[in-house]
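For any residue, its number in the working numbering is found by taking its place in the sequence shown, counting from 1, and adding 9.
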Amino acid sequence: MGAFELIEKKEYDAFCSLYLEKAHLRTTHSEYADLIPGNYVIALIGARQYEALVSFCLETIEEIQQNSVKIDRSSSKFFVALSIGYFELKKFSEALQAIRDGSRAAYQDRPRTQAPGILYYESTILNDKTAKQESKKLLNARLRNKNALSPEFATARFLVGKCSSEEMIAQVNTLPSVLRERTKVQALFYMAVKAFEVGDFDGYSKHLKAACDLYCSVPTVAVEFEYHLAEICCDRIYKMNPLG
């Protein structure tokens with residue numbers, strides 16, 4: 010079994026243990042090639058190891074910054090994961106600041122919309138109008154990209170009201186398999202966020218479940234932050250508290 014298969018099988022604790030034991034061998038032993046920091050933060054989120062997640066992200070960000078004297082090599086992935094960790098530890102101001110920092114990182118998802126999208130989610134749950142305006146401003150700035158009609162920008166267009174949920178899903182469905190499902194899990198998660206925003210808690214629950222159910226057909230969706238956020242939000246529903 011390859012290391013990434015542990016994530017696909019939701020054996021997150023096993024991946025975390027293997028990472029700590031064998032990550033130093035990933036460049037010399039092919040069976041450990043998947044033991045990279047980006048996969049480790051996904052596994053930490055899946056394992057709900059939020060304290061470890063925050064510590065690892067802070068250490069990684071500091072290391073990157075120290076090694077980025079001439080070229081900015083910062084990655085939004087670690088800021089997003091840091092924000093999720095802080096948010097689940099109820100350190101909300103730190104969570105918002107981390108995601109703001111992530112929106113300025115040199116390396117991001119290709120359309121650069123994930124960090125502002127997750128800022129939209131956090132601001133919605135917290136009912137923070139200032140943070141939500143920041144998110145919309147960032148998303149609208151990203152949509153000025155000449156390729157903004159690409160399906161990669163569909164969730165951003167949806168969040169700022171430039172397309173309907175039906176239009177967003179139709180655009181996502183034009184993508185090739187696997188990428189389609191990975192993008193669809195993001196779309197369904199943000200449909201849930203929008204439902205929560207207007208007090209439609211039945212829609213919120215329905216869209217979260219639909220996002221989580223994609224795992225059954227395409228386990229690779231477990232690599233997406235939004236998949237894990239959907240699972241976390243589903244857990245909160247059972248506790249009847251949007252902040253856990």
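All residues carry an ideal CB built from backbone N, CA and C; glycine is no exception.
So the candidates are the options; which of them puts its Cα closest to the Cα of residue i?
| i | options | result |
| --- | --- | --- |
| V227 | K18, A107 and Q58 | K18 |
| A12 | C242, N154 and D43 | D43 |
| K86 | Q142, L252 and E233 | E233 |
| S174 | Q74, P185 and G212 | G212 |
| T164 | D209, P120, I16 and L62 | P120 |
| K146 | Y129, C25 and S84 | Y129 |
| E247 | R189, A231, F210 and Y224 | This sequence places Tyr at residue 247; Glu is not what is there. Comparing Cα positions, the closest option is F210. |
| Q195 | A204, P185, S84 and V181 | V181 |
| E206 | S132, A52 and Y224 | S132 |
Please report the distance separating the alpha-carbon of residue i from that of residue j.
| i | j | result |
| --- | --- | --- |
| Y199 | P160 | 15 Å |
| T192 | H33 | 32 Å |
| S214 | S144 | 23 Å |
| E176 | F167 | 8 Å |
| L67 | I80 | 19 Å |
| Y116 | A90 | 14 Å |
| I108 | E14 | 28 Å |
| C221 | A239 | 6 Å |
| Y21 | N48 | 10 Å |
| D110 | E30 | 31 Å |
| T139 | Q106 | 13 Å |
| I70 | I54 | 17 Å |
Give the DSSP-derived three-state secondary structure of residue i in the structure shown.
| i | result |
| --- | --- |
| S84 | strand |
Using the beta-carbon count (16 or more within 10 Å), is residue i buried or exposed?
| i | result |
| --- | --- |
| S102 | exposed |
| V187 | exposed |
| H237 | buried |
| P125 | buried |
| Q75 | exposed |
| A114 | buried |
| H38 | exposed |
| R153 | exposed |
Complete alpha helix (DSSP H) runs within the stretch 23-62 (minimum length 4 residues, chain order): 46-55
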